[in-house]
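Everything on this sheet refers to the single structure shown next.
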Amino acid sequence: MNEKEKIELEELLSGCIDGQLSERQQTELRRIMEHQPQLKEQLKLLEKQSWLLRQLPVEKAPAGLADEIGASLQRRLLLASSEQTVSESRHRKLPAIRRMVSAAALVLAPLALLGAVMITILWPFGSEPSIDNELAGRTGLKVVGPGAGAADETRYASVLPEPSLEARLVLSTAQPIATNDYIEKRIYSSGLLGYTVSRRDADITTYTIVCSAEDMQGFVGELEGLLPHCDISTLTVSATDGKSARVDSVSPEQIGPLLEATDPQKREELARLFAEQNKDKALAKESDGAVGEKDISKPPATQKPIMAWDQGPAEKDKTAGRTVRFVLEVRGK
Amino acid sequence: MKDKAQVQEKGYLQQDVGIEDTALVRRCQRGDVDAAGRLILKYQDRLYNAILKICQNRDDAAELTQDTFVKVLENIGGFAGRSSFYTWLFRIGINLTLNYRKRRLKLPMRSLDNESSFGGEGRASPASFVSDFGRNDPALAAASKESIQLVLQALKNLEQDHRVVLVLREIEQMSYQEIAEVLCVEPGTVKSRLSRARAVLKDHLQAVLL
Chain Y
1 MNEKEKIELE ELLSGCIDGQ LSERQQTELR RIMEHQPQLK EQLKLLEKQS
51 WLLRQLPVEK APAGLADEIG ASLQRRLLLA SSEQTVSESR HRKLPAIRRM
101 VSAAALVLAP LALLGAVMIT ILWPFGSEPS IDNELAGRTG LKVVGPGAGA
151 ADETRYASVL PEPSLEARLV LSTAQPIATN DYIEKRIYSS GLLGYTVSRR
201 DADITTYTIV CSAEDMQGFV GELEGLLPHC DISTLTVSAT DGKSARVDSV
251 SPEQIGPLLE ATDPQKREEL ARLFAEQNKD KALAKESDGA VGEKDISKPP
301 ATQKPIMAWD QGPAEKDKTA GRTVRFVLEV RGK
Chain U
334 MKDKAQVQEK GYLQQDVGIE DTALVRRCQR GDVDAAGRLI LKYQDRLYNA
384 ILKICQNRDD AAELTQDTFV KVLENIGGFA GRSSFYTWLF RIGINLTLNY
434 RKRRLKLPMR SLDNESSFGG EGRASPASFV SDFGRNDPAL AAASKESIQL
484 VLQALKNLEQ DHRVVLVLRE IEQMSYQEIA EVLCVEPGTV KSRLSRARAV
534 LKDHLQAVLL
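Set out below in structure tokens:
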């Protein structure tokens, strides 16, 4: 038997093991076996080998992998503007950090679940919108899906006090998963879980937060690392008197004063000023030929690590004093 | 030889899984974090197990599984559905593993042989339900625990291409077409590579098989 015939025979035997032979090939193999009975033994050995391979134990992925993936996506989103993203090899040399993030996630998950249970106990509204996913349980955020209908929204809205101001921040991003994950974690770490209603429609996720202006300031500050990585960040502030102001390419430092301003005229002036500033910045970048390029000279601000022990449902009432409604709209590109 | 009905049943199952995946992928593309979590939970064990069998190191397999999902979720917006999500995921996972192994070729490989849990009380592969070989041979079934270490060693000694194709076929139970999609080769190449891999492994496993 020459090499070619040997290879053809190997392929016939292998195909036979996998049940991949045509009628014609099966007949051919039977014919060959009649002349070479030792092939039957070979076929048996191959079957035995195949069986042995299938007896190898199935190993489960390490616990907390999903959380680590979420954390990794966030890190990459935040480091997107940095020239030197952490290389895979270097990343592997930092098992301590990986374990620390993993440990934090492990502590965070039960706390989030506990928070969700407490909210359910404090505000029993009958049937809850279903969150049938383990990750949803991680944050405990109320997600009102497209099928939930207006009743759910009304029900949650009735819990939240009527605000004196509404701010809508529209974000457009190519990485909606990481962005939503980032926002959900910041809502949780700011202790605003019980003051937030989330809704997901088509490719838009909306977070409606009603809390005191002071607490909102803290939350907005947490968005510092996110906004520079969004393609569009437009803020519209509307007061009960119906007057509204809009700022494109808004930064977190600009959102704060706009939420703080109680005088509509002052708010309008501020919005105009910020809008002009942002326009000037865009023009300056354009004249420098730097439009569309990322500033790699300065790495993004380091985020406050999410520590399990300094977060969780806050005891203080976050709707005391002047309240604002902040609607955060995330659009996938 | 495999029962046609079982193969058909597996095909139907995969079709159902495919439909569910399509819906989850669409939700992911809209930025749904929950859908991303579902896809991770659904495939993390299978992907980790396959990568572990190829790279034979738990830490590396965990990191590579994580890197695969991160890459998949970062690029899911561009996933057009020309192949199934399952094969796309495995293509990325296997490519990352092979590239990583190439970079580490000069470093000594830490074998799983010394890790006691591997040969311990692991779950039997779902594939064992398809194969009827062991059921008819109690002696072989009893000897299998000792054989596992030898099989792992033999698998480790194979060329990388051979090991990958065997893991995808025998452990992950992919069809020839799926393996071809994952490895970006023709089904004919899968067929020949698989038969060669089996022949070489058979030589390495003489002591166990005879």
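Chains Y and U are the protein sequences, given in the same order. Under this note's numbering, the letters of the first sequence match residues 1 to 333, in that order. Under this note's numbering, the letters of the second sequence match residues 334 to 543, in that order. Note that the Cβ used here is the ideal one computed from N, Cα and C, for glycine as well.
At least one CB of chain Y closer than 8 Å to the CB of U/K375: is that the case?
-> Your numbering for residue 375 of chain U matches position 42 in the second sequence. So, not an interface residue.
Should U/I409 and U/Q362 be called a contact, given that it needs their Cβ atoms to be closer than 8 Å?
-> The residue you call residue 409 of chain U lines up with position 76 of the second sequence. The residue you call residue 362 of chain U lines up with position 29 of the second sequence. Cβ atoms of U/I409 and U/Q362: closer than 8 Å.
DSSP beta-bridge partners of Y/T173 | Residue 173 of chain Y sits at position 173 when you count from the first residue of the first sequence. Paired residue(s): Y/G332.
Where U/C517 meets chain Y, residues with beta-carbon distance less than 9 Å | Here the question's residue 517 of chain U lines up with position 184 in the second sequence. For U/C517, there are no C-beta contacts with chain Y under 9 Å, since the nearest C-beta of that chain is about 20 Å from it.
How is U/V500 classed by DSSP in three states: helix, strand or coil?
-> The residue labelled residue 500 of chain U in the question sits at position 167 within the second sequence. Correct three-state label for U/V500: helix.
My guess is that U/L499 and Y/L53 are in contact by the Cβ rule of under 8 Å, so how many angstroms apart are they, rounded?
-> Here residue 499 of chain U is taken as the residue at index 166 of the second sequence, counted from 1. Here residue 53 of chain Y is taken as the residue at index 53 of the first sequence, counted from 1. Indeed, because the Cβ distance is near 7 Å, the residues count as touching under 8 Å.
Leaving out five residues before and five after U/A383 in sequence, what residues of the same chain have Cβ atoms less than 8 Å from its Cβ?
-> In the second sequence, residue 383 of chain U corresponds to position 50, counting from 1. Excluding sequence neighbours, U/A383 sits near F423, G426, I427, V500, L501, I504 and E505.
CA-to-CA distance, U/C517 to U/D536, given in whole angstroms | Residue numbering aside, residue 536 of chain U sits at position 203 when the second sequence is read from its first letter. Residue numbering aside, residue 517 of chain U sits at position 184 when the second sequence is read from its first letter. Taking the straight line joining both Cα atoms gives about 28 Å.
With a Cβ-Cβ cutoff of 8 Å, do Y/E329 and Y/T236 count as a contact?
-> Mapped onto the first sequence, residue 329 of chain Y falls at position 329. Mapped onto the first sequence, residue 236 of chain Y falls at position 236. Cβ distance not < 8 Å, so Y/E329 and Y/T236 don't count as in contact.
Check Y/C16 in the structure and name its three-state DSSP category.
-> Within the first sequence, residue 16 of chain Y is the residue found at index 16, counting from 1. Helix, per DSSP.
Please confirm whether Y/E184 and Y/S238 have their CB atoms less than 8 Å apart.
-> Here residue 184 of chain Y refers to the residue found at position 184 when the first sequence is read from its first residue. Here residue 238 of chain Y refers to the residue found at position 238 when the first sequence is read from its first residue. For Y/E184 and Y/S238, no; Cβs fall outside 8 Å.
Assess, as a yes-or-no matter, whether the segment 194-213 of chain Y is touched by the segment 428-437 of chain U under the definition of 3 or more beta carbon pairs within less than 8 Å.
-> no
Identify, in the order they occur along the chain, each residue of the same chain with its Cβ nearer than 8 Å to the Cβ of Y/S50, setting aside the five sequence neighbours on each side.
-> Looking up residue 50 of chain Y in the first sequence gives position 50. In its chain, beyond the 5 residues on either side, I17 have a beta carbon closer than 8 Å to the beta carbon of Y/S50.
Flag U/D536 as yes if its beta-carbon sits less than 8 Å from any beta-carbon of chain Y, otherwise no.
-> Here residue 536 of chain U refers to the residue found at position 203 when the second sequence is read from its first residue. No, U/D536 lies away from the interface with chain Y (no Cβ there is under 8 Å from its Cβ).
Can at least three beta-carbon pairs, one atom from the segment 394-406 of chain U and one from the segment 366-382 of chain U, be found at a separation below 8 Å?
-> yes
Own chain residues within Cβ distance below 6 Å of Y/I232, not counting five before or after = Translated into positions along the first sequence, residue 232 of chain Y becomes position 232. Excluding its 5 nearest sequence neighbours in each direction, Y/I232 has C-beta neighbours in its own chain below 6 Å: S172, listed in chain order.
If you draw a straight line from the alpha carbon of U/S417 to that of Y/S190, how long is it in whole angstroms?
-> Looking up residue 417 of chain U in the second sequence gives position 84. Looking up residue 190 of chain Y in the first sequence gives position 190. Those two C-alpha atoms are separated by around 39 Å.
Helix, strand or coil: how does DSSP classify Y/R322 here?
-> Along the first sequence, one-based indexing puts residue 322 of chain Y at 322. Y/R322: coil per DSSP, three-state reduction.
Give the straight-line distance between the Cα atoms of Y/Q26 and Y/E11, rounded to the nearest whole angstrom.
-> Within the first sequence, numbered from 1, the residue matching residue 26 of chain Y stands at position 26. Within the first sequence, numbered from 1, the residue matching residue 11 of chain Y stands at position 11. Going by the C-alpha atoms only, they are around 12 Å apart.
Can you give me the Cβ contacts of Y/L43 inside the same chain, cut-off strictly under 7 Å, excluding the 5 residues immediately before and after it?
-> Position 43 of the first sequence, counting from 1, holds the residue named residue 43 of chain Y. Hits under 7 Å: L13 and C16.
Going along chain Y, which residues have a C-beta under 9 Å from U/I481?
-> For the purposes of this step, residue 481 of chain U is identified with residue 148 of the second sequence, where counting begins at 1. Under the 9 Å cutoff, chain Y gives L52, Q55, L56 and P57.
Might you give, ordered along the chain, the residues of its own chain that have their beta carbon closer than 8 Å to the beta carbon of Y/G218, omitting 5 neighbours on each side?
-> In the first sequence, counting from the first residue as 1, residue 218 of chain Y sits at position 218. So the list reads S190, once near-sequence residues are dropped.
Kindly list the residues whose CB is nearer than 6 Å to the CB of U/E514, restricted to its own chain and excluding five residues on each side of it in sequence; keep chain order.
-> Taking the second sequence and counting its residues from 1, one reaches residue 514 of chain U at position 181. Counting only Cβ-Cβ distances below 6 Å, and skipping sequence neighbours, we find S416 and T420.
At 7 Å on the CB atoms, spell out the chain Y contacts of U/V498, in chain order.
-> Against the second sequence, residue 498 of chain U aligns to sequence position 165. Those do not exist, as U/V498 stays about 11 Å from chain Y at its closest Cβ, beyond 7 Å.
Which residues in the same chain have their Cβ closer than 7 Å to the Cβ of Y/A271, if we skip the five residues on either side of it in sequence?
-> To locate residue 271 of chain Y, count along the first sequence from 1; it is residue 271. Only V237, A245, R246, V247 and L258 meet the Cβ criterion.
Counterpart residues of Y/S244 in DSSP-defined beta bridges = Along the first sequence, read from residue 1 onward, the residue named residue 244 of chain Y stands at position 244. Paired residues: Y/S238.
Between which two residues does the alpha helix (DSSP H) containing U/D536 stretch?
-> The residue given as residue 536 of chain U occupies position 203 in the second sequence. Start and end: P520 to H537.
Should Y/K333 go down as buried or exposed, given a rule of 16 or more other Cβ atoms within 10 Å for buried?
-> In the first sequence, the residue the question calls residue 333 of chain Y occupies position 333. Exposed, by the Cβ-count rule.
How about Y/L344 and Y/G225: are their beta carbons less than 8 Å apart?
-> Absent from the structure is residue 344 of chain Y, since the part of chain Y shown begins at 1 and ends at 333.
On the DSSP bridge assignment, give the partners of Y/E166 in chain order.
-> As a working mapping, residue 166 of chain Y is identified with position 166 in the first sequence. For Y/E166, DSSP records a beta bridge to Y/S238 and Y/R325.
Contacts of U/C361 in chain Y (Cβ-Cβ under 7 Å) | Against the second sequence, residue 361 of chain U aligns to sequence position 28. I177, listed in chain order.
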